[in-house]
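There are 2 protein chains.
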Amino acid sequence: MPEAPQSPPLRADARRNVEKLRQAAADAFSEHGLDAPLETIAKRAGVSIGTIYNRFGSRDALLDQVVNELADRRVRAAMATADGTAGGAWEKLLAYVGSICQGQADDPAFNDAFSRLYPNAPALKAVCDRSLAFATELAAGARAEGALRQDVLMDDIARFFQVNGDLVRAGDDAGRRRVLALLFEGLRARPDNHPLAG
Amino acid sequence: MPEAPQSPPLRADARRNVEKLRQAAADAFSEHGLDAPLETIAKRAGVSIGTIYNRFGSRDALLDQVVNELADRRVRAAMATADGTAGGAWEKLLAYVGSICQGQADDPAFNDAFSRLYPNAPALKAVCDRSLAFATELAAGARAEGALRQDVLMDDIARFFQVNGDLVRAGDDAGRRRVLALLFEGLRARPDNHPLAG
DNA sequence: GGCTAAGTTGACGATGCCTTCAGCTTATAC
DNA sequence: GTATAAGCTGAAGGCATCGTCAACTTAGCC
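Structure follows, in structure tokens:
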């Protein structure tokens, strides 16, 4: 079990470095995405690259800690947006998905986190899972209302984020919005719907 | 005819190497995508990596020659599929887009060529342009029939290939089909359509 | 002030790719 | 059979990144 092995408290300078690194990493990731070189982050924090390894152990660990928080903030904001949206579950679902997608467009770090799989970042994964769970609930509501197609699965919604993320990465913001709009059209329940392929 | 700039004829062995390299490159690209290392290609052709540079000048030039042909074949096949499809322009359009997308799923080289921009591959670009022109015509027909939404632009269709390509690269074939199906639903003209965002 | 364990540093080796080029091999013409 | 230009080779140099570690620095305790 990962019983915290009672690590001795950090020295004051080390604690300061952790803080500086966290900040620098968050900035670098948000500017350049999760591929930002450690060198850049270290320089930004005013420490050497070795210190990253001393304090965090690995690139993935740093990433997990920093982006986890960043992603959590965005996801919460999107939930709040959904909750604050007038209308039924359908409207809230669109608001939620739209808000997450806008977040992906606004922040490369969030985008990479949400769409690319970073398998060695458990905390990050947890945030994404929570987000999908929330969307699942809204989708169930929207389906019950008769606004969302009956045969749309949760995986379909999850893939919206993948698609949106790829278009963000391609730098095509106009296209991103168009594709999203078309997908939303496709989600709508209609009298003449027949089952989707797949 | 593209007037050849009168370069002196190749020696027989060099001509053979060009052929072996073309073949090896086509195979490697189709197996591993356009990122296939030159080392791999050279080994496969039974020559040294230097020979690639002697014969083609650069990675991009090799790529342009080889993938251009490969892509052209796929595009022609898709056009033939569309032409052979019963129904109106709408049905042909779906058949065409579906055929290209299936090609992207079947061949990583075609996929990379069609979705990632390889800006230094002019012949390749020409193939893609021809493909889009064909789709544009079909779309115009489908719009005239009243089957395709009035406000769908050619760029929207082009982005289908981008989206499809990204999902192929993610290895999610089921998802690819679902997203495509949803997008097709979104394309359909309906009495209650109101303008798309963007 | 001095000691020492905690912490930092940055050059280094490893990886994986591209591209070059000096030196060697060989097809071809005579 | 030989000369020679065409062609081939692969080691070497680049570049960008990761992760390590021996040697140095310093916080914090006495």
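Chain order of the listed sequences is A and B.
Numbered according to the UniProt record's numbering, the first sequence spans residues 1 to 198.
Numbered according to the UniProt record's numbering, the second sequence spans residues 1 to 198.
Glycine included, every Cβ here is placed at the ideal spot set by N, Cα and C.
Under 9 Å by beta carbon: chain B residues contacting leucine 187(A): Start at 1 with the first residue of the first sequence, and residue 187(A) comes out as number 187. The answer, in chain order, is Leu182, Glu185 and Gly186.
Whether alanine 135(B) touches leucine 187(B) by CB criterion (8 Å): On the second sequence, position 135 is the one that residue 135(B) refers to. On the second sequence, position 187 is the one that residue 187(B) refers to. One thing to note: alanine 135(B) has its Cβ no nearer than 8 Å to the Cβ of leucine 187(B).
Backbone secondary structure at arginine 11(A) - three-state DSSP: Translated into positions along the first sequence, residue 11(A) becomes position 11. Coil.
Neighbour flag for proline 9(A) against chain B, beta carbons, 8 Å: Mapped onto the first sequence, residue 9(A) falls at position 9. For proline 9(A), the answer is no, since every Cβ of chain B falls outside 8 Å of its Cβ.
Beta carbon proximity, aspartate 156(B) to chain A, threshold 8 Å: Within the second sequence, residue 156(B) is the residue found at index 156, counting from 1. Interface criterion met: the Cβ of aspartate 156(B) is under 8 Å from a Cβ in chain A.
Per-residue burial, methionine 1(A) [other beta carbons within 10 Å of its own, 16 or more giving buried]: Along the first sequence, read from residue 1 onward, the residue named residue 1(A) stands at position 1. Unreliable placement is indicated for methionine 1(A), whose pLDDT of 45 sits below 50; the coordinate value is still reported in the next sentence. That one is exposed.
Environment of leucine 148(B) [buried if 16+ CB atoms lie within 10 Å]: Here residue 148(B) refers to the residue found at position 148 when the second sequence is read from its first residue. So leucine 148(B) counts as buried.
CB contact check: proline 191(B) to chain A, cutoff 8 Å: For the purposes of this step, residue 191(B) is identified with residue 191 of the second sequence, where counting begins at 1. It does not: the Cβ of proline 191(B) has no partner Cβ on chain A nearer than 8 Å.
Where leucine 148(B) sits in the DSSP three-state scheme: Mapped onto the second sequence, residue 148(B) falls at position 148. Note: leucine 148(B) maps to strand in three-state DSSP.
8 Å Cβ cutoff met for valine 66(B) and isoleucine 157(B): Indexing the second sequence from 1 puts residue 66(B) at position 66. Indexing the second sequence from 1 puts residue 157(B) at position 157. No; because the gap between Cβ atoms is not below 8 Å, this pair is not in contact.
Sequence-distant residues of its chain with Cβ nearer than 7 Å to arginine 143(B) (five each side left out): Residue numbering aside, residue 143(B) sits at position 143 when the second sequence is read from its first letter. These residues qualify, in order along the chain: Gln150.
Inside the segment 73–136 of chain A only - alpha helix (DSSP H) runs reaching at least 4 residues: 89–106 and 108–115
Nearest residue (CA-CA) to aspartate 107(B), options Phe29(B), Leu196(B) and Val47(B): As a working note, residue 107(B) is residue 107 in the second sequence. It is Phe29(B) whose Cα lies nearest to the Cα of aspartate 107(B).
Beta-carbon spacing of leucine 63(B), isoleucine 52(B) below 8 Å: The residue you call residue 63(B) lines up with position 63 of the second sequence. The residue you call residue 52(B) lines up with position 52 of the second sequence. For leucine 63(B) and isoleucine 52(B), no; Cβs fall outside 8 Å.
Buried versus exposed, by CB contacts within 10 Å (16 or more), alanine 25(B): As a position in the second sequence, residue 25(B) is number 25, starting the count at 1. That one is buried.
Selection from Leu138(B), Ala80(B) and Arg22(B) that minimises the alpha carbon distance to valine 152(B): By one-based count along the second sequence, residue 152(B) stands at place 152. Of Leu138(B), Ala80(B) and Arg22(B), the residue nearest in Cα terms is Leu138(B).
Between the CA atoms of serine 115(B) and arginine 169(A) - distance to the nearest angstrom: Position 169 of the first sequence, counting from 1, holds the residue named residue 169(A). Position 115 of the second sequence, counting from 1, holds the residue named residue 115(B). One C-alpha to the other measures close to 13 Å.
DSSP-derived helix/strand/coil call for aspartate 188(B): Taking the second sequence and counting its residues from 1, the one referred to as residue 188(B) is at position 188. The displayed chain sequence assigns arginine, not aspartate, to residue 188(B). If DSSP states are grouped into helix, strand and coil, arginine 188(B) belongs with the strands.
Pairwise C-alpha distance: proline 119(B) and cysteine 128(B): One-based indexing of the second sequence puts residue 128(B) at position 128. One-based indexing of the second sequence puts residue 119(B) at position 119. Looking at the backbone, the Cα of cysteine 128(B) and that of proline 119(B) are separated by about 12 Å.
Within-8 Å CB hit, glycine 33(A) to chain B: What you label residue 33(A) is simply residue 33 of the first sequence in a count that begins at 1. Not one chain B Cβ lies under 8 Å of glycine 33(A).
Integer Cβ distance of arginine 164(B) from leucine 180(B), believed to fall under 8 Å: Indexing the second sequence from 1 puts residue 164(B) at position 164. Indexing the second sequence from 1 puts residue 180(B) at position 180. The residue you asked about is not arginine; residue 164(B) is asparagine in the sequence shown. 6 Å between Cβ atoms; contact.
Rounded Cβ spacing between alanine 54(A) and leucine 124(A) (contact assumed at less than 8 Å): On the first sequence, residue 54(A) is found 54 positions in, with the first residue counted as 1. On the first sequence, residue 124(A) is found 124 positions in, with the first residue counted as 1. Contrary to the premise, residue 54(A) reads as asparagine rather than alanine in this sequence. Contact flag wrong, Cβ pair sits at about 22 Å.
Residue-chain proximity (glycine 87(A), chain B), Cβ-Cβ < 8 Å: What you label residue 87(A) is simply residue 87 of the first sequence in a count that begins at 1. No, no contact with chain B.
For leucine 196(B), three-class secondary structure by DSSP: Sequence index remark: in the second sequence, residue 196(B) carries index 196 (1-based). Coil, per DSSP.
CB contact flag (aspartate 173(B), aspartate 166(A), <8 Å): As a first step, residue 173(B) is located in the second sequence; it is residue number 173 there, counting from the start. As a first step, residue 166(A) is located in the first sequence; it is residue number 166 there, counting from the start. At a Cβ-Cβ threshold of 8 Å, aspartate 173(B) and aspartate 166(A) do not count as neighbours.
Any non-hydrogen atom of the ligand SAM within 7 Å of arginine 76(B) CB: No copy of the ligand SAM occurs in the structure displayed, which carries no ligand at all.
Backbone secondary structure at glycine 175(B) - three-state DSSP: As a working note, residue 175(B) is residue 175 in the second sequence. Helix at glycine 175(B).
Cα-Cα separation, arginine 73(A) to phenylalanine 160(B): For the purposes of this step, residue 73(A) is identified with residue 73 of the first sequence, where counting begins at 1. For the purposes of this step, residue 160(B) is identified with residue 160 of the second sequence, where counting begins at 1. Going from the Cα of arginine 73(A) to the Cα of phenylalanine 160(B) covers about 31 Å.
Proximity test, Cβ basis, 8 Å: aspartate 166(A) and chain B: For the purposes of this step, residue 166(A) is taken as residue 166 along the first sequence, with counting starting at 1. Output row for aspartate 166(A): interface = yes.
Chain-ordered neighbours of glycine 175(A) on chain B, where CB pairs are closer than 7 Å: Residue mapping note: residue 175(A) aligns to position 175 of the first sequence, counting from 1. Ordered by position in chain B, the residues that pass the 7 Å Cβ test against glycine 175(A) are Asp155 and Arg159.
Separation of arginine 178(B) from threonine 40(B), as counted between CA atoms: Against the second sequence, residue 40(B) aligns to sequence position 40. Against the second sequence, residue 178(B) aligns to sequence position 178. Distance between the alpha carbons of threonine 40(B) and arginine 178(B): 35 Å.
C-alpha distance - lysine 43(A) paired with isoleucine 49(A), whole-angstrom precision: As a first step, residue 43(A) is located in the first sequence; it is residue number 43 there, counting from the start. As a first step, residue 49(A) is located in the first sequence; it is residue number 49 there, counting from the start. Their backbone Cα atoms lie some 8 Å apart in a straight line.
Close beta carbons around glutamate 3(A), own chain, < 6 Å, minus the five adjacent residues each side: In the first sequence, residue 3(A) corresponds to position 3, counting from 1. In this predicted model, glutamate 3(A) has a pLDDT of only 45, less than 50, meaning its place in the structure is not dependable; the value taken from the coordinates is given anyway. None.
Glutamate 185(B) beta carbon less than 8 Å from that of glutamate 185(A): Locating residue 185(A) in the first sequence gives position 185, where the first residue counts as 1. Locating residue 185(B) in the second sequence gives position 185, where the first residue counts as 1. Contact flag set, yes.
Under 7 Å from the C-beta of valine 179(B): neighbouring residues of chain A: In the second sequence, residue 179(B) corresponds to position 179, counting from 1. Per Cβ cutoff of 7 Å: Arg159 and Val163.
Cβ-Cβ distance between alanine 113(A) and alanine 71(A) below 8 Å: Along the first sequence, one-based indexing puts residue 113(A) at 113. Along the first sequence, one-based indexing puts residue 71(A) at 71. Yes. Within cutoff.
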